[in-house]
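Every number in our numbering is 95 more than the matching position in the sequence shown, counting from 1.
Glycine residues also receive a C-beta, built at the ideal position from the N, C-alpha and C atoms.
Here is the structure we will look at, set down as structure tokens.
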Amino acid sequence: MAHAQSESHGSQQTKKATASGWVGSALEYYDFFIYAQAAALIFPQIFFPNTDPKVAIVASLATYGVGYVARPIGAFFLGHWGDTRGRKNVLLLCMFLMGFATMAVGLLPTYSQVGLWAPAMLVVLRLIQGFAVAGEISGASSMILEHAPFGRRGYYASFTLQGVQAGQIFAAAIFLPLAYFMPDEAFNSWGWRIPFLLSAVVLIAGYIIRREVNETPAFETVEARAAIPKSPVVEAFKHSWRNMGLVMCMALMNVIPVVATIFGAAYAVQPAYGIGFAKSVYLWIPVVGNIVAVCVIPFVGNLSDRIGRRPMIIGGALSSGILSFFYLYAISIHNVPLAFGMSILMWGVFYQGYNAVFPSFYPELFQTRYRVSAMAISQNVGTLITALLPALFAAMAPPGSTNIPMVVGSLALGVCCIAALAAFTAKETYRIPMADLGKPDAAAVDSQEYERSRQQAISSVR
């Protein structure tokens, strides 16, 4: 029972840390996703020369990818900050950077006003956004994990990603009424700016909530022992390069939201592809998928505490990869109800086998001393690779080409298989005590003792 006692930090702090992770992720990813929506739906028309619509689509999706290019740089800097100055400090820094960059996008002049300066400034602000978001999930996941009781880490850490999905719902919920009720001319000239400027509200709310959370016991223990490394990044590569490689491969699962919301949106609504879904109709697909995901995530996180992290990730990767074919096929035959159904299954349900579990699994693979750095760097390198995929998909399956669902679906499934293989190769972590996480010789506690600890943690909340 020692494990339960040593890792039970009082349900109040656990709840506060979880709420902070949820709200912070929701607010920060609201910012990130409104950019994603705009890059697919509106930026090709207003930030790029309109002489060739095909070029404008590829260029706009490439600016979406640019945000991910800055992620590994942000991961090095913000990971170091989180491991040397604390989880709470890095999360506040991430939020301020993201909020200011997003507001600035809402104030940018268009291509018709300043020519090439418009896409250039867009790229700079996207780089700042990518830099900022690099520390968010690793910082928030580590904070919740280190506050959570033994046997419940998967459940509590899953709320980080529930917040991310909620942020995407907020992003689309702001865009939907604007795209639906505003005349196209008004939306294209100034309506699209409103969601970006609303980040001011996002920033204030997030700061108030994050200020309330204590630093984690695991980080404070390292600090008290004067064991904070001078360079957590160097330690991460020295001691955990193999696990970092596996996390990088598993993070390629980001291909599924890329297929669903970025390439899928462009394929469905951009005139050059000739499908012709109305923008206002298409925007409901990610909203409904995300609403389902928000409901599914805590159940999947809880299930990973019972049967392990690896089976959930492997199953989620393979099933959502297979469903990507059917989702793109539904768009190709102009079937809105079928596209809805496939989106909900692929992304709202099966993808959550991965999405709800990685916030506990990734940080559990690393030691406290360099946890934020190791997770941030490896995860963001993986997502950087997937962010280049929308432009690759558009190049491999350009407007006018045949068999688009088969080409893009095959690429997506191949990437999902790499992620599943990485999860299969990784060490199972759910029954390893907090103090031993990331150590090569770490042993899992006996399953009966683990279940007793888990039940005690569940009953203490009740």
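Inter-residue Cα distance where the pair is residue i and residue j
i, j, result
"Leu298", "Arg221", "17 angstroms"
"Ile513", "Met277", "43 angstroms"
"Asp126", "Phe519", "34 angstroms"
"Ala114", "Ala235", "10 angstroms"
"Leu440", "Phe421", "10 angstroms"
"Thr109", "Gly286", "40 angstroms"
"Thr205", "Gln140", "9 angstroms"
"Val502", "Ser415", "16 angstroms"
"Ala322", "Thr463", "10 angstroms"
"Glu546", "Gly371", "53 angstroms"
"Ala530", "Met345", "24 angstroms"
"Thr481", "Ile303", "33 angstroms"
"Pro528", "Gly411", "25 angstroms"
"Gln550", "Asn338", "30 angstroms"
"Phe142", "Asn184", "35 angstroms"
"Ala539", "His334", "20 angstroms"
"Asn450", "Asp536", "27 angstroms"
"Gly116", "Leu256", "9 angstroms"
"Ser284", "Ala469", "43 angstroms"
"Gln107", "Ile168", "35 angstroms"
"Phe453", "Ile408", "8 angstroms"
"Thr179", "Gly119", "21 angstroms"
"Tyr124", "Leu192", "13 angstroms"
"Leu617", "Pro406", "The question about residue 617 has no answer, for the chain in this structure spans 96 to 557."
"Ala243", "Glu544", "17 angstroms"
Whether residue i touches residue j by CB criterion (9 angstroms)
i, j, result
"Gly573", "Leu186", "Any property of residue 573 remains undetermined from this structure, which presents the chain solely from 96 to 557."
"Ile426", "Ala363", "yes"
"Phe282", "Ala274", "yes"
"Cys189", "Val228", "yes"
"Gly177", "Ser233", "yes"
"Ala252", "Ile269", "no"
"Gly340", "Ala517", "yes"
"Pro485", "Val342", "no"
"Glu330", "Gly181", "no"
"Ala360", "Leu122", "no"
"Ile386", "Ala355", "no"
"Ala112", "Thr311", "yes"
"Ser237", "Val467", "yes"
"Gly369", "Tyr424", "no"
"Met437", "Leu418", "yes"
"Ala479", "Arg247", "The sequence as given places Leu at residue 479; Ala does not occur at that position. No; because the gap between Cβ atoms is not below 9 angstroms, this pair is not in contact."
"Leu506", "Leu487", "yes"
"Glu241", "Ala313", "yes"
Start and end residues, alpha helix (DSSP H) containing residue i
i, result
"Lys110", "Ser106 to Leu136"
"Gly543", "The question names Gly, yet the displayed sequence has Gln at residue 543. Element bounds for Gln543: Ser542 to Val556."
"Gly262", "Arg248 to Phe276"
"Pro214", "Trp212 to Val228"
"Ile428", "Where Ile428 is concerned, there is no enclosing alpha helix (DSSP H), given that its DSSP letter is neither H nor E."
"Asn349", "Per DSSP, Asn349 belongs to no alpha helix (DSSP H) and is neither H nor E."
"Gln447", "Gln447 to Asn450"
"Phe291", "Arg288 to Leu292"
"Val308", "Segment: none, Val308 is in no alpha helix (DSSP H) and carries neither H nor E."
"Val612", "Here the chain comprises residues numbered 96 to 557, so residue 612 is not present and cannot be evaluated."
"Leu203", "It is not in any alpha helix (DSSP H) - Leu203 carries neither H nor E in the DSSP assignment."
"Lys149", "Pro148 to Arg180"
Assumed close pair residue i, residue j - CB separation to whole angstroms, cut-off 8 angstroms
i, j, result
"Ile129", "Phe291", "6 angstroms"
"Ala489", "Val153", "5 angstroms"
"Ile351", "Tyr446", "5 angstroms"
"Val328", "Ile499", "Going by Cβ atoms, the distance from Val328 to Ile499 rounds to 41 angstroms, so no, they are not a contact pair."
"Ser542", "Phe245", "That belief does not hold up - the Cβ atoms of Ser542 and Phe245 are roughly 13 angstroms apart, past 8 angstroms."
"Pro494", "Ala367", "4 angstroms"
"Ser155", "Ala134", "5 angstroms"
"Ser455", "Gly249", "4 angstroms"
"Phe435", "Val383", "6 angstroms"
Open item on the list: With a threshold of 8 angstroms, are at least 3 pairs of Cβ atoms found where one atom belongs to the region 155-165 and the other to the region 191-210?
Closed with: Fewer than three pairs of CB atoms, one per stretch, sit closer than 8 angstroms, so the region 155-165 makes no contact with the region 191-210.
TODO: Say whether the region 493-512 touches the region 388-404, bearing in mind that this needs 3 or more beta-carbon pairs closer than 8 angstroms, one atom from each stretch.
DONE: no
- [ ] Examine the Cβ distances between the region 430-448 and the region 306-317 and report whether three or more of them are shorter than 8 angstroms.
- [x] no
Open item on the list: Using 8 angstroms as the cut-off, can you tell me whether the region 397-410 makes contact with the region 166-180, which would need three or more C-beta pairs spanning the two stretches below that distance?
Closed with: no
- [ ] Kindly confirm or deny that the region 451-468 and the region 520-530 touch, where touching means at least three C-beta pairs closer than 8 angstroms.
- [x] yes
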